[in-house]
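Take a look at the structure below.
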Amino acid sequence: METMDRPHALLQSIFGFDAFRPGQQDIVEAVASGRNTLAIMPTGGGKSLCFQLPALLRDGVTVVISPLIALMRDQVRGLTEAGVPAGALTSGNTDEETRAVFDALEAGRLKLLYMAPERLASGGTANMLRRIGVGLIAVDEAHCVSQWGHDFRPDYLRIGELRRALNVPLAAFTATADAETRAEIVTRLFDGEAPETFLRGFDRPNIRLAFSPKDQPRRQILAYAAARKGQSGIVYCATRAKTESLAAALEQAGHSACSYHGGMEAQDRRAVEARFQTEDGLIVVATVAFGMGIDKPDIRWVAHADLPKSIEAYYQEIGRAGRDGAPAETLTLYGPDDIRLRRTQIDESPAPPERRAADHARLNALLGLAEALDCRRQTLLGYFGEEAAPCGHCDLCDSPPERFDATEAVRKALSAMLRTGEYFGTGHLIDILTGADTAKIRERGHDKLPTYGVGREFDKRGWQAVFRQMMGRDLVRPDPERHGALRMMDPARPILKGEATIELRRDTIAAAAARPAVRMLVSEEDAPLLSALKAKRRALAEAAGVPAYIIFTDRTLIEMAETRPASLDAMARVSGVGATKLERYGADFLKVVTGAEAEMPHPARRKLAGGGAASLYDRLMAAQNRLARGEDGCEKPLSCSASQVAKLAEIRPSDMGTLTRLLGERRADRFGAAFLDVLAEG
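Counting along the sequence shown from 1, when you hit position 277 you're at 277 in the UniProt record's numbering, and nothing is skipped either side.
Structure representation (structure tokens):
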């Protein structure tokens, strides 16, 4: 083995660093000395150096297997710039690039060869690697070997076979720290023989952690982005459709934003990656497909519009912020629907029961972090087996939550569940607890239950916060076989029996009680009209290929349903209906409200809709109609154009000279005096 003077010299001369980051030197020593190695290192923790530097210390070529074409290209470019001979064989190569790599390999010039796992399916790959003299295999994103992970790549299963064929050491790197995935990596890559394992440095002190219950999530994300305008950020969403609608909303709010998901064409995805790498202040709204392979050091914030799949996924995604070590921020939104979705995804997966149990445990760890009572960093690092003092700058350190003894509230909630056969979701259970008088309650006789009306200490949103925290503690779980009805889990039994107590955070309860609920729904009377307006909006949006809110927001439709505008003027006064939207969509929505075809006035009149000039226009037109055949009704018909009348309504002339100039002498003679009277009235 080389002395450790040379690694330090290379660290400085090639990579430009004066010292290793914590934990790096031990891994470099192990890999450089030819020991099989598994390193679990955080995203942004400097893992690439842990195989690039040993490659320079060892004889032969180091093959780096990575699923990330963009990352491979970046690293090859960076190494070449640093004077290290490196190349990549990927599906993104041109024929010329591939030929140049093979020429360099045959000439013995390359030290690092990056390769996509799909290359291993080719029978000639192992022979080619044996011929060029491979001395080390490095596997990036080693968790891709796990058949039950969302990043599973079948070709990773061939790596163990390649290691045996070449009979060289293997170094595997991942940011995924759970025990099941580690065990799978050892089985599949190292034939079950435990490699030297390093679990290093999960603390990223420059990243501020924050969670918030969902409360108009689009508004929350827009407000968060607005406070960080001009900074590069990523917003993660659970669905492809949501990435597109949220990116459009950010654009509309004046941000530079674009969406990214697996359903896009490869060239479109590459264009977004390229923009993100080069454009300052760009926000990418993405599914988790984005970020793997993005090595942008100055991402200042990461927001989750939906709860991630697990605590590992959360850690990996927030880890894309602040890789330059400067302060970075994160915000994760979550709500009962997220918890229900993630539970259902696990329950309905084809994984064996023990894997599903492990996935529920990983989700529980994330929910525990979301509903934590103490420092978030302590909670997060505790999951990864690291001890830490309170960080002093997460949201809970900044504003410690008030706690209260929620034992009685939780027992009431559990009682309502059990007395109704664990057959209902939170909405109906809350109605029972708050004593609501609904048809569903009366039909089922639930107003006769002992728990009916016993929970009036909280309003509806207060109880929603209680149930959400109960789900976060895994006291109750939505049952996918009963359409999300809640069922009690074992940890809740001691509380129900009075053998244990529980504290919950009051901040979410207090906020719910103190802040009036946003009116996203209308009264029962207006609900059918709101549904019809939404259906019209959806049809127009689909026809135009735009998100529904681009036509009109929910708030605008709610106001329409409540005020029931009977004319285009009234429609123009609805919040969110500007002149252009009135022109495009006004008649369609007015027909939904009134049930009749709207009479479309002249375009000149439509432009005035809703304002004071509109009423003036109508009175001027009435005066004109009265005088169309003169005062005595016997003269030749005469009229002004709609545009002329609109002009008068807008500029409101007060003397006959101006009026004559605008209308001409003949019309001024016929209508001038009457028009001036109308204009004088305002």
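Note that the Cβ used here is the ideal one computed from N, Cα and C, for glycine as well.
What is the rounded straight-line gap between the Cα of residue i and the Cα of residue j?
{"i": "Phe-20", "j": "Asp-306", "result": "36 Å"}
{"i": "Gln-469", "j": "Gln-267", "result": "43 Å"}
{"i": "Pro-7", "j": "Ala-55", "result": "11 Å"}
{"i": "Asp-479", "j": "Ala-247", "result": "33 Å"}
{"i": "Ala-517", "j": "Ala-226", "result": "Reliability of the predicted coordinates at Ala-517 is poor, the pLDDT of 30 falling under 50, and no value is obtained from them."}
{"i": "Lys-448", "j": "Tyr-423", "result": "17 Å"}
{"i": "Glu-29", "j": "Ala-326", "result": "29 Å"}
{"i": "Glu-542", "j": "Tyr-585", "result": "14 Å"}
{"i": "Ile-441", "j": "Met-488", "result": "21 Å"}
{"i": "Ala-361", "j": "Leu-110", "result": "45 Å"}
{"i": "Thr-426", "j": "Asp-338", "result": "14 Å"}
{"i": "Gly-230", "j": "Gln-277", "result": "15 Å"}
{"i": "Val-145", "j": "Ile-159", "result": "9 Å"}
{"i": "Glu-354", "j": "Arg-99", "result": "47 Å"}
{"i": "Ile-558", "j": "Asp-526", "result": "9 Å"}
{"i": "Ala-465", "j": "Gln-147", "result": "36 Å"}
{"i": "Gly-23", "j": "Ala-210", "result": "27 Å"}
{"i": "Leu-373", "j": "Val-288", "result": "28 Å"}
{"i": "Ala-512", "j": "Gly-254", "result": "Reliability of the predicted coordinates at Ala-512 is poor, the pLDDT of 46 falling under 50, and no value is obtained from them."}
{"i": "Ala-668", "j": "Lys-607", "result": "24 Å"}
{"i": "Arg-376", "j": "Thr-239", "result": "27 Å"}
{"i": "Leu-170", "j": "Gly-78", "result": "23 Å"}
{"i": "Glu-184", "j": "Ala-121", "result": "21 Å"}
{"i": "Leu-679", "j": "Cys-237", "result": "56 Å"}
{"i": "Gly-462", "j": "Gly-262", "result": "38 Å"}
{"i": "Leu-113", "j": "Thr-174", "result": "19 Å"}
{"i": "Val-454", "j": "Lys-536", "result": "42 Å"}
{"i": "Glu-251", "j": "Glu-279", "result": "15 Å"}
{"i": "Asn-206", "j": "Ala-328", "result": "6 Å"}
{"i": "Arg-538", "j": "Met-264", "result": "23 Å"}
{"i": "Glu-635", "j": "Glu-597", "result": "35 Å"}
{"i": "Leu-10", "j": "Gly-83", "result": "11 Å"}
Is the Cβ-Cβ distance between residue i and residue j less than 8 Å?
{"i": "Pro-491", "j": "Arg-473", "result": "yes"}
{"i": "Ala-286", "j": "Thr-243", "result": "yes"}
{"i": "Met-41", "j": "Arg-153", "result": "no"}
{"i": "Leu-590", "j": "Pro-565", "result": "yes"}
{"i": "Leu-363", "j": "Arg-342", "result": "yes"}
{"i": "Arg-275", "j": "Ala-249", "result": "no"}
{"i": "Ala-609", "j": "Leu-582", "result": "yes"}
{"i": "Leu-659", "j": "Leu-676", "result": "yes"}
{"i": "Val-139", "j": "Leu-105", "result": "no"}
{"i": "Leu-273", "j": "Ala-70", "result": "Per the sequence shown, residue 273 should be read as Glu rather than Leu. In this structure, Ala-70 lies closer than 8 Å to Glu-273 by Cβ."}
{"i": "Ala-303", "j": "Tyr-383", "result": "no"}
{"i": "Leu-136", "j": "Val-186", "result": "no"}
{"i": "Asp-405", "j": "Thr-501", "result": "yes"}
{"i": "Val-134", "j": "Val-76", "result": "no"}
{"i": "Gly-233", "j": "Ser-256", "result": "no"}
{"i": "Leu-381", "j": "Asp-215", "result": "no"}
{"i": "Leu-68", "j": "Glu-141", "result": "yes"}
{"i": "Ala-439", "j": "Leu-429", "result": "no"}
{"i": "Val-101", "j": "Gly-87", "result": "yes"}
{"i": "Arg-131", "j": "Thr-125", "result": "no"}
Just grab the DSSP bridge partners of residue i for me.
{"i": "Thr-197", "result": "Leu-38"}
{"i": "Trp-301", "result": "Gly-233 and Glu-329"}
{"i": "Ala-88", "result": "Tyr-114"}
{"i": "Phe-173", "result": "Ala-39"}
{"i": "Tyr-585", "result": "DSSP output for Tyr-585 lists no bridge partner at all."}
{"i": "Tyr-260", "result": "Ala-286"}
{"i": "Leu-369", "result": "DSSP output for Leu-369 lists no bridge partner at all."}
{"i": "Val-63", "result": "Leu-113 and Ile-137"}
{"i": "Ser-212", "result": "Leu-333"}
{"i": "Arg-487", "result": "Arg-477"}
{"i": "Arg-505", "result": "Arg-403"}
{"i": "Ile-207", "result": "Ala-328"}
Does any CB atom of chain C fall closer than 8 Å to the CB of residue i?
{"i": "His-393", "result": "This model lacks chain C altogether; it includes just one protein chain."}
(message) Is it the case that the stretch 306-318 contacts the stretch 175-195, given that we only count it when at least three CB pairs across the two stretches are under 8 Å?
(response) yes
(request) Tell me, please, whether the stretch 455-466 touches the stretch 394-413 by the rule of three or more beta-carbon pairs shorter than 8 Å. (result) Touching, yes.
(request) Within the stretch 403-431, note down every full alpha helix (DSSP H) run reaching 4 residues or more, in order along the chain. (result) 407-419
(request) Evaluate contact between the stretch 390-405 and the stretch 345-358, counting only Cβ atoms and requiring at least three cross-stretch pairs below 8 Å. (result) no
(request) Please go through the stretch 436-471 and give each complete alpha helix (DSSP H) segment of 4 or more residues, from N-terminal end onward. (result) 439-444
(message) What ranges does the alpha helix (DSSP H) occupy inside the UniProt domain "HRDC" (610-682), keeping only unbroken runs of at least 4 residues that lie completely in it?
(response) 612-626, 642-651, 656-663 and 665-681
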